[in-house]
Amino acid sequence: MGDIENSMETKHNMDAIAENNENTIDSMETIIKIENLTYTYPGAAQPTLNHVHLEIEKGDFLAIVGNNGCGKSTLCKVLNGLIPHFISGTFSGNVWVEGENTKNADVGTLARKVGYVYQDFENQIVRPTVLDDASYACLNYGMKDYEQRGREALHRCGLEGREDEYIWQLSGGQTHLLALAGAVALGPEVLILDEPIAQLDPGHADRIYEVLRELNETYGKTIIVIEHHTEYIADYCKHVLLLRDGQVAWMLPAREALARVEELQESNIFPPQVTIAGFRLQKDGRLPQAQMLPTTVEEGREAMAALSYAGGSEEGENVLQTSAPESSEKTVAQFKDVTVSYRSVKGEPHTVFDRLNLSIHKGEKIALIGSNGAGKSTLMKMMVGLLKPSQGTVELNGTSVKNVKPEQLSRQISLVYQNPEEMFIKDSIYSDIAYAMQVRNVENWQKKTEELLKRFRLSELSERDGRLLSGGQMRRASLAIGVALNPGILLLDEPTANLDIATRKEIMRTLSDMKEVTDTVMIATHDMQLVCEWAERIIVLCQGQVAADGTRDEIFGNAALISRVGIRPPEIFTMGQALDRWALCYTVDEFLDAFSCEGRQEE
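Under our numbering, the sequence shown has 246 at position 206, and the numbering climbs by one with no breaks.
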């Protein structure tokens with residue numbers, strides 16, 4: 041705690057000496073102050089941030105929310121000096137961090153005041169072992185105690201005991217924590233995390249937020265997160281800042297902010313499902329208007345205690361189905377006793393699948409779920425021939441893919457990557473979509489390219505570089521590339537990660553239209569709302585095997601399975617279960633239809 045006390049003392053002295061200087065903050069409790077900030081990216085017609093005024097108090101746990109493209113990441117990059125010192129553009133106004141105007145400090149100085157964990161956090165990992173990476177920034181600054189700082193940061197971030205492990209031995213969540221430890225080691229008072237749990241399973245997501253809470257409450261760090269998952273905001277954050285069209289719409293206490301259901305939805309933000317349900321119950325007169333809207337399941341249990349489940353019985357209790365549902369359609373992909381292991385520099389080889397057996401049938405809409413490291417991406421890469429099993433056989437349409445080159449499979453199957461920017465290799469969307477058809481001399485490829493641009497609402501963006509598009513536009517473009525050769529099977533890895541409501545709904549509409557383009561679609565995802573709204577078959581992977589395979593009731597209705605494999609149903613499902621254990625509600629509409637205000641039925 042000494043470094044925190046010294047920082048506060050230094051800041052206090054600075055305020056006393058230079059009270060009227062523009063490089064100081066007015067209040068000792070304010071750690072960040074922004075006045076009249078306007079910023080425009082090079083070549084952009086309109087500013088991304090427009091006359092922003094903002095104050096953030098020391099010790100806050102702040103969530104920044106807003107639709108894709110509203111300026112959330114840009115605002116945070118202003119705080120650590122990347123804008124304007126590294127990323128050029130038109131910058132006006134003033135930004136103070138711990139009493140220092142960012143215009144007068146270089147990026148290296150500001151990194152010791154504001155630690156940043158980026159959305160693509162893997163790019164922040166630069167050294168081969170855990171301790172080496174955690175202490176590297178301190179070594180780079182010439183700190184004599186760099187190793188001790190690294191060890192302390194690993195302790196604070198829950199990675200103590202892994203100092204000598206190689207970074208590739210870590211799970212996705214642990215790697216994210218390591219990136220955080222590298223920032224913490226420099227001792228900044230402010231920590232910013234951009235979409236910290238976008239591609240993590242619930243267990244790893246909980247761990248990230250528990251570490252952030254510890255850093256906030258025990259070590260006094262000011263935490264800022266850019267977050268779409270409002271259920272985590274409800275559980276962990278103190279305040280919420282809404283950005284709209286590059287301006288601060290408001291900053292409010294978290295519970296008050298999340299209760300602004302209509303305003304959040306207008307900004308393409310999902311309030312917690314429990315809150316939406318409470319809001320709609322109030323509008324229907326089924327909850328008192330004066331009652332504060334619940335933001336968590338526990339609050340919902342109390343607020344909605346008078347509701348009664350209108351259906352369900354012991355006969356409706358679901359039993360785990362461990363084998364694939366029967367299908368009359370032909371088998372289009374099959375795994376036969378497939379084993380996959382990765383060689384390791386240190387320790388035994390890591391086995392991902394051990395004698396996996398699985399069949400995929402024509403016309404299925406499949407969701408592939410499981411915790412990080414369960415093998416979802418590995419399974420998909422085997423199907424397209426990017427990975428070969430060490431034992432067993434992977435077949436497409438009855439033929440083994442073992443000796444077939446990936447490009448030869450592209451007419452049968454296509455994989456759209458988790459990071460859509462990896463799909464772009466040309467300097468325009470038109471060229472990216474056309475490329476696969478051109479090199480294979482597909483007849484009328486120009487006409488087909490135009491048709492795909494129109495189908496995916498990309499015609500006006502056809503000459504834009506895909507890497508410079510918004511998140512939703514990138515997703516649509518990557519889907520167009522994926523279906524350009526009319527594959528019979530389309531694989532999508534995390535298609536809705538990092539997306540706001542509007543963009544997510546757009547992707548959902550696109551997925552619904554896929555039947556016209558491709559026969560069979562499989563998605564790998566942690567988005568349980570997507571799973572429950574779209575998938576007809578759910579496959580759960582755990583420890584190298586198919587742990588379960590069936591409908592949503594058969595999967596989420598089995599509490600023992602949910603606990604064992606580390607998945608989590610949508611929040612509204614948990615809310616229904618909290619009120620009645622027979623309730624199986626996957627959407628807010630289903631919940632409202634299933635519960636009434638009449639007296640609770642006898643069990």
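Note that beta-carbon positions come from the ideal geometry of N, C-alpha and C, so glycine has one too.
On a predicted model such as this, the values are computed, not experimentally measured, just so you know.
{"Asked": "Among Ile123, Phe101, Ile72 and Lys445, which has the Cα closest to the Cα of Thr78?", "Found": "Ile123"}
{"Asked": "Quick one: using the 10 Å Cβ neighbour count with 16 as the cut-off for buried, is Val337 buried or exposed?", "Found": "buried"}
{"Asked": "Note down, in chain order, each residue of its chain lying with its Cβ closer than 8 Å to the Cβ of His279, except the 5 sequence neighbours on either side.", "Found": "Asp100, Phe101, Leu102, Ala103, Met291, Leu292, Pro293, Ala294 and Ala297"}
{"Asked": "Going along the chain, which residues of its own chain have a beta-carbon closer than 8 Å to the beta-carbon of Arg196, five neighbours each way excluded?", "Found": "Ala221, Val224, Val251, Glu254, Leu255 and Tyr259"}
{"Asked": "Locate the beta strand (DSSP E) running through Asn90, then write down its first and last residues.", "Found": "Leu89 to Glu97"}
{"Asked": "Going by alpha carbons, who is nearest to Ser307 out of Asp559, Asn598 and Gly106?", "Found": "Gly106"}
{"Asked": "So, do the region 486-500 and the region 429-449 have three or more beta carbon pairs nearer to each other than 8 Å?", "Found": "no"}
{"Asked": "Which class does Pro535 belong to by DSSP, given the choice of helix, strand or coil?", "Found": "coil"}
{"Asked": "Just list the alpha helix (DSSP H) runs in the region 277-332, keeping only unbroken ones of 4 residues or longer that don't cross its boundaries, in chain order.", "Found": "294-298, 301-306 and 313-323"}
{"Asked": "How about Leu581 and Thr536: are their beta carbons less than 8 Å apart?", "Found": "no"}
{"Asked": "Determine the closest residue to Leu426 out of Ser471, Ser454 and Gly432, with distance taken between C-alpha atoms.", "Found": "Ser454"}
{"Asked": "Starting from Asn180, trace the alpha helix (DSSP H) both ways and give me its first and last residue.", "Found": "Val170 to Asn180"}
{"Asked": "Would you identify the three-state DSSP class for Glu354, choosing helix, strand or coil?", "Found": "Bear in mind that a pLDDT of 44 at Glu354, under 50, signals an unreliable position, so the model cannot answer this."}
{"Asked": "If you draw a straight line from the C-alpha of Lys209 to the C-alpha of Gln583, how long is it?", "Found": "Before going on, a small fix: residue 209 reads as Gln here, not Lys. One C-alpha to the other measures close to 16 Å."}
{"Asked": "When DSSP builds the beta bridges, which residues end up paired with Gln431?", "Found": "Thr379"}
{"Asked": "Just grab the DSSP bridge partners of Cys582 for me.", "Found": "Gln585"}
{"Asked": "Rounded to whole angstroms, what is the Cα-Cα separation between Ala520 and Asn598?", "Found": "37 Å"}
{"Asked": "Assuming Thr315 contacts Ala299 under a Cβ cut-off of 8 Å, what Cβ separation, rounded to an integer in Å, is found between them?", "Found": "6 Å"}
{"Asked": "Please confirm whether Ile563 and Ala524 have their CB atoms less than 8 Å apart.", "Found": "no"}
{"Asked": "Count the other CB atoms, across all protein chains shown, that sit within 10 Å of the CB of Ile96; report buried if there are 16 or more and exposed otherwise.", "Found": "buried"}
{"Asked": "Specify the secondary structure class of Leu210 as computed by DSSP and reduced to three states.", "Found": "coil"}
{"Asked": "CB Cys116 to CB Ile263, shorter than 8 Å?", "Found": "no"}
{"Asked": "Taking the runs of the beta strand (DSSP E) that are 3 residues or longer, which of them lie wholly in the region 210-265?", "Found": "230-234"}
{"Asked": "Leu501 by DSSP, collapsed to three states: which one?", "Found": "helix"}
{"Asked": "Could you give the DSSP three-state label for Glu200: helix, strand or coil?", "Found": "coil"}
{"Asked": "Look at the alpha carbon of Tyr626 and the alpha carbon of His401, and state the distance between them as a whole number of angstroms.", "Found": "25 Å"}
{"Asked": "Buried or exposed for Ala634, please, with buried defined as at least 16 other CB atoms from any protein chain shown within 10 angstroms of its CB.", "Found": "buried"}
{"Asked": "Nearest CA to the CA of Gly227: which residue from Lys153, Tyr81 and Leu217?", "Found": "Lys153"}
{"Asked": "Write down every uninterrupted run of the alpha helix (DSSP H) in the region 414-477 whose length is 4 residues or greater and which is fully enclosed by it, in chain order.", "Found": "416-423"}
{"Asked": "Within 10 Å of its beta-carbon, does Asn120 have 16 or more other beta-carbons around it, so buried, or fewer, so exposed?", "Found": "buried"}
{"Asked": "Identify the continuous beta strand (DSSP E) that holds Val561 and give its terminal residues.", "Found": "Thr560 to Ala564"}
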